[in-house]
Amino acid sequence: MVRQYGFHFNAAACSGCKACQVACKDHNDLTGGIIWRRVYEVAGGGWEKAGGLWVPKVAAYNVSMACNHCEVVVCGLACPTKAIWKRDDGIVLIDDSRCIGCRYCEWACPYSAIRYDAATNLVSKCTFCVEEIDSGRPPACVTSCPLRALDFGDIDELRKKYGQVDRVVPLPDPEATKPALVITPHKDTAEAEKRGAEVINWEEV
Amino acid sequence: MAWREWPLAAFTLLGQLATGVYLFLVLPAVFAAPADQAASGRNALFYAVAAVTALLGVGAAASFFHLGRPLRAPNALANLRTSWLSREILFELLFMFFLALLAVLFWRGAAEGTLARTVAVLAAVCGVLFLVSMARLYMVPGVPAWNRATTPVSFLVATVTLGTTGGLVAGEMASRAIGSTEIGPGLVSPLWLRVLTVSAAAVVGLRVVGRVLLTARRRVRGFRIPPSLKPAAVSSVGAFALRLVLWTGSGGALVAGFRSGLSVGPAAPETLRLTWVAFGLAAAAELLTRFEFYGLGAGPR
Amino acid sequence: MKAPALRKKIETSAMSRRSFLRWGALVGGSAASAGKLKRPGRGKAAGRPPAQELSSDVRIVRTGCPSHNCGGRCVLKVYVRDNKVVRIEGDDRPTDGIEDPQLRPCIRGRAYRRRQDHPDRLKYPLKRVGKRGEGRFERISWDEALDRIASEFERIKKAYGNAAFYVPYGTGSYNQVNGRQTAQRFMNLYGGSLGFYNSYSWACISAATPTVYGTGVTGNQRQDWLNAKYILMWSWNPAEMRDGTNSEYFVRKARERGARVVCIDPRMTLSAVALADEWVPIRPGTDAAMMSAMAYVMITEDLTDKDFVRTHCVGFDETQMPVGSSGAESYKDYILGRRDGVPKTPGWAEGITGVPGATIARLAREYATTKPGVLYQGYGMQRRAYGEQVVRAGCVLAAITGNVGVPGGWASGIALQAPDGGPFWLVFPTGQNPVKAVIPSFLWTEAVVRGKGMGPEDGVTGVERLETSIKCIWAVACNALINQHGNVNRTARILADEKLVEFLLVQDNFLTPTGRFADILLPVCTQFETWGLEDGWKYGDEVILMPQVVPAPFETKSDYRICADIAGRLGFEEAYTEGRDERGWTEWALDRYRRTRFPGLPTLAEMLEANRGVYSVPVTKPAVAFADFRRDPQKFPLPTPSGKIEIFSKRLHDLNKPETIPAVPKYIQEWESPFGAEAQKYPLQLVGHHYLSRVHSTLENIDWLEEAFPQRLFLNPADAAARKIRNGDPVRVWNDRGTTVVRCRVTPRIMPGVVALPQGAWWTPDAQGVDRRGSVNILSSERWTPFAFGNAQHTIMVQVAKAEGG
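Residue numbers (this note's numbering), protein chains in the order written: chain A, 6 to 210; chain B, 284 to 584; chain C, 25 to 830.
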């Protein structure tokens, strides 16, 4: 029995191609601008002139982020209708029949995982592809990655395999929600943070 | 400026206005009223309480426009165990319940002073808990800009601002409702009106000074908000300047009103008008402040 | 507990479990299980309902991702219900090892439902009303369409002869039974048509590579990259433009095994972020200068593979000039500046390329000494003025470092896959073209405007002079007439003239900018709606069967069926079809493959039964190009005049055009560059890179793709600040050829002085003729390259400014 399902994201291998984003959209019929797995383009630094030449001091990487099915379910704790609940295997889900579309959970989530759908007037988010999980298959995003940069499983196993890192810039402090997430940082992570890395593709996420 | 959040701006501002007026005008009035009021007829207190209840009702109605599924609104009381939003709604409903009770009591004349006072205190407690919940619910990890002490502080200051300036206006309207041309009779003493006026001017002045100092401090020391995966808000210089102007104007109106005898005896129409100006300008500033507040929580496109 | 303590408390514990416990206890109920929100008592099933739960009425078909010209050939698992595609997944074969990895589709294959069911798909045959180019049509019947086409064909054939027909370069579909080859077969049976050679993708690299190696088969099977210790990705961005499915994954694996990877590109591309240890920005069009400087370092620091050069190459220095060319300038002469007085030092290259001389020198040393090494040449740097030079220069660097014919090395150039040139094994028989005249694919507008009399000076082959201009164009799966050709405004004027091209027939899935100029516009079904067969894209060892998944809607037909029907009107349908339909030809092609390359290939029936979609051959021992030549250059000479690697090409020398077609690779300043007078007015270099939101101009109208990769002009913060442009502002981009207005993205991932506008966006002119969609060819030129007669479509100088209103 899995204690807590989570994702591993290999930022060192991710190109930002967004196959994961669209695989998720197709699997879940997400139209109307709803994106459950977003890919953030992060860049820090700039260019300097040295001896008449422009020299880059740019660090960049990507962060693919869906829902982290956090152990401290701040969205669920905030939800006034108890529409958000957590399964025994850690997957956090939204019950459409209870949601009133107040969007409080959208505010609560520091990972911007929850999205309001103007077509249904409800909120929605990554479901970890529960119907796939329950049939013994992986989530749609994991198998879609052309660079094989995503993995999934019991977060304890993932941490044994990939390490303990669960935050890179610009992600929030993991202490707040304890996300079930392991990241393999890109080689430029420290450099990017030093140079004031920020998301540069807001309009796409 | 998150204009699309107008339902919540209306809800929170009206809620703070109503609670403030209740705490600064109605509650003192209840305790100032003689134990044996005239048994017949409505009195100013009734109108005051009715006004507060109506403000809450309008705010609550506005909040429905925020919901995706307004018909399911009753679901929102389900999570009192952990959700400050559920609690906020509960306390607001209780607040309105006790206010309605109070209104009924005053309509029929306050037969029993103790009963009225007890209900009034219960209502006050619920009102305060309502505002506490309101402030707490914004302090979520997903919006670090809200997740700071400035949120409850600014909500408190808003309540005081609206409660004092609004209290003056409410007092005047309630008195007029019973045919008086003054503020106060049947409600509060002239001393209390003076206190209200001075407090209002003080808090408004504090807003101006405080906002300027805070902004200067931010400019000098930089301002790091912890990250979340949401874009940073863009603040509007124009709105900032406008708010300073509005507060200054409000303060000026209060000072002028005070000096023209606002709090002493029959009030001249010009003086009464000044209370409206003071309230109107302060409320407008508060509105801008609130929309900027919601702008900090701007999420995805 | 005054202010500071209170603030700290609130700040650190605002929503923490502790505070919940406190308040929760107040309000009632233990919050100890705050993290364990139980399932609510009532309410429906969990979460947003899954798209479609698999039920018995859902059919699963494994097929190929519809073949456009995307750089990949991937496997799709398509779910069908009620004759509608309801879900698309990728290759789900159980193993994913290096020798036979899954063929995972990219964002475009995954979004394909949005194209398949797009409301704008053409449904019925259309006939033009109004003037050509207005894009106004009325619906007609297939009968009327076929009659009109047949009669126009006959008229033009009689008036001008078959050489007046042209089926242009178009790659919107190509998978044996879909695409322009179906029309070429028609034409060849009908008396022929003007032919073309080369392409918009690879004109320079496909012409220049054989001048060094005698062949274009210079690439190893990609698993060999895992043997490399050094990989120079020069103008190569496989993670974004996809250069064979899995290429970027192979590079990732090579890096994990210890290869050092360096990306040289004006943009910090998706590949640079994912794969590179170092990104070196370089001014577009100056790559040959950097390569020359690298050669300078290698020569002067004695880092070349002297033995290999001596035994396997000609023309490196005066000791090994080809017979009849002694005394001509050798490569070493050029690099050391012995004849032109300009030694190609890193310092010299720095001024041209914008790359610090020290970096150039370091990379030269690294590539020369970290063996074996791969210098992979991408296609952006050759799709430019004098693109032939940079191709030759890269091949020469690979040669003088001895990286040819060894595992882990790479001979560079176009690198078609060893041993037989790789996929694109087009077996569908087009037959012989009775018309012998052939033009370069990019010069078709010349052949329209002044075709009659065009000759070898314009790249014409097969005949001395063209006998006629082009009078009839039949565009199949082609948006390269208007949208993808250089200088859209000019092409639009040419095509609008009905006296030049008298009949323009277009068949496509959508009303594209090219379609707007059609006289007759025919609706084609998608590849899900007919049969097909695809193999790899450039690389790979697989065959993917593409059975018909859903019926063709409305009155759409396949490219093949349309050709057969027109043939029917003209009396040769039987000869055209040979009694086969699309499925029949697919089976025929499978048999061909079985006989020529894949002996183990199952039959069509077996493949359908197994529903695997793909038949692939694992690569356990990757083929290495020129391994035999390396081993024994006497016994296995190259198909060059000298039998060896031609660093100096006598053939080029004898053309006697040293300024533009030198015999050794040289850096030649482009005719539109930051160094010419034009830079006064147009100081920014513009590149039109390949973008993941489209395949060239296919998939332009897909919402999921546009939201992932919106059409933007990318520019550096320094260039933006100088123009008071902020991120997201609409900007105007212009030069003498046209103007476009498009939103911008300010990013540090591009070098100052360079802007990028993803190619393929549909030309969308407003009433003033200003394009509103960011169509890069409004700015590119129709000018071609001197040797390959190829498109120089990335050689563009522009100016950018903030747009008013927008």
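Virtual Cβ for every residue (Gly too), placed ideally from N, Cα, C. Keep in mind the model is a prediction, meaning the values are calculated, not measured.
Nearest CB-CB separation between C/CYS130 and chain A: below the 8 Å threshold. For A/SER20, the residues of chain C that pass the 8 Å Cβ criterion are ALA263, GLU264, GLU272, LEU294, SER295, VAL297, ALA298 and LEU299, in the order they occur in the chain. Residues of chain A with a Cβ closer than 8 Å to the Cβ of C/ILE424 do not exist, since the nearest Cβ in that chain sits about 27 Å away. Interface annotation, A/ASP178: not in contact with chain C, CB-CB separation never under 8 Å.
For C/ASP583, the enclosing alpha helix (DSSP H) begins and ends at 583–593. C/PHE274 sits away from C/VAL462, with the two beta carbons spaced by 8 Å or more.
Closest in alpha carbon position to A/GLY106, among B/LEU382, B/LEU354 and B/PHE374, is B/LEU354.
Under the three-state reduction of DSSP, C/GLN823 is assigned to strand. In this structure the segment 253–260 of chain C does not touch the segment 695–710 of chain C; the number of beta carbon pairs closer than 8 Å is below three.
Linking A/GLN9 to A/ALA185 through their CA atoms gives a straight-line distance of about 7 Å. Contact check between the segment 368–376 of chain B and the segment 406–424 of chain B: three or more CB pairs, one atom from each, fall below 8 Å, which counts as touching. Residues of the segment 399–427 of chain B with a Cβ closer than 7 Å to any Cβ of chain A, in chain order: VAL423, PRO424, GLY425 and VAL426. Think of a sphere of 9 Å around the beta carbon of C/GLY564: no beta carbon from chain A falls inside it, the nearest being about 14 Å out. Interface flag for A/ILE105 against chain B is set, since a Cβ pair is found closer than 8 Å. According to DSSP, residue pairing for A/GLY51 in a beta bridge involves A/LYS62. Distance from the CA atom of C/ALA388 to the CA atom of C/GLY433, rounded to whole angstroms, is 16 Å. The Cβ atoms of C/ILE506 and C/PRO537 lie closer than 8 Å to each other.
Chain A places a beta carbon closer than 8 Å to that of C/ILE112, counting this residue as a contact. With contact defined as three or more Cβ pairs closer than 8 Å, the segment 232–248 of chain C and the segment 408–417 of chain C are in contact. B/LEU479 places its beta carbon less than 8 Å from that of B/THR447. Judged by beta-carbon spacing, C/ILE544 lies beyond the 8 Å limit of C/VAL236, meaning their Cβ atoms are not closer than that value.
Taking one beta carbon from each stretch, the segment 28–43 of chain A and the segment 314–322 of chain C have fewer than 3 pairs nearer than 8 Å; the two do not touch. At a C-beta separation below 7 Å, B/THR365 has these neighbours in chain A: LEU82. For B/PHE562, the enclosing alpha helix (DSSP H) starts and ends at 552–579.
Boundaries of the beta strand (DSSP E) around C/TRP258: 254–258. The continuous beta strand (DSSP E) containing A/GLY11 extends over residues 10–15.
In the structure shown, the three-state DSSP call for A/GLU46 is strand. Secondary structure at C/GLN401: strand, using DSSP grouped into helix, strand and coil. What B/GLY578 touches in chain A, judged by beta-carbon distance under 8 Å, is nothing: the nearest beta carbon there is about 13 Å away. In summary, C/ALA471 is buried, with 16 or more beta-carbon neighbours lying within 10 Å of its beta-carbon over all protein chains present. With respect to C/ALA298, A/ALA18 sits close: the two C-beta atoms are nearer than 8 Å. Contact check for C/ALA732 against A/GLU209 passes: the beta carbons are separated by less than 8 Å. Ranked by Cα distance from B/ARG526, the options B/ARG573, B/LEU339, B/TRP286 and B/SER543 are led by B/ARG573. Not a single CB atom of chain A sits nearer than 8 Å to the CB of C/GLY712.
For A/THR189, there is no enclosing alpha helix (DSSP H); the residue is found in the beta strand (DSSP E) stretching over 186–189.
A/MET6 sits exposed, since fewer than 16 C-beta atoms from the chains shown fall within 10 Å of its C-beta.
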